[in-house]
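S.K.: 4 is the number of the first residue of the sequence shown in the working numbering; add one for each residue after it.
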Amino acid sequence: MSIARPQLFAGLGEEFAGAFGNVDCLFTIDGVVQAKPVRGILRQKIGRDLGDEFGQDVEGITQTLSVPATGLDDLESQRDSVQINGQTFEIANQADDGRAMKVLFLKGNV
4 MSIARPQLFA GLGEEFAGAF GNVDCLFTID GVVQAKPVRG ILRQKIGRDL
54 GDEFGQDVEG ITQTLSVPAT GLDDLESQRD SVQINGQTFE IANQADDGRA
104 MKVLFLKGNV
């Protein structure tokens, strides 16, 4: 899905990922491996649910990958994947900030 982005943000995603990126990603979109790697920002968020006084605490880790949105208009959750450091992850969900970046929620552990 393509979102009309304000001209003010043109090229900002690539600049941001270039400055703060910590991984190079290779996307497979609709079964086709993309030729050019994309710089991304990989984060791990630890969520804790302390439960009640008699319950057991639960901890979960969510991996998110922020990438420039340009060139990834055909990316679909639950169909496409991304390779990071030689390991392939299915894209569980995605969010678009409408400006310059997409946040991808990954299945699996990095």
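Even glycine gets a Cβ: it sits at the ideal position worked out from N, Cα and C.
Computed from a prediction, not measured in an experiment: that's the story for all the values here.
Opposite glutamate 93 in the DSSP bridges: which residues?
M.R.: Ser84
S.K.: Going by DSSP, name the residue or residues bridged to threonine 67.
M.R.: In the DSSP output, where bridge partners are listed per residue, threonine 67 has Arg46 and Phe108.
S.K.: Here's the rule I'm using: 16 or more other beta-carbon atoms within 10 Å means buried, otherwise exposed. How should aspartate 83 be labelled?
M.R.: buried
S.K.: Sorted by chain position, which residues of the same chain lie with C-beta nearer than 6 angstroms to isoleucine 64's C-beta, five sequence neighbours on each side aside?
M.R.: Gln47 and Ile49
S.K.: Between serine 80 and glutamine 97, is the Cβ-Cβ spacing less than 8 angstroms?
M.R.: Yes, the Cβ-Cβ distance between serine 80 and glutamine 97 is below 8 angstroms.
S.K.: Can you tell me whether alanine 22 is buried or exposed, with buried defined as 16 or more other CB within 10 angstroms of its CB?
M.R.: Alanine 22 should be labelled exposed.
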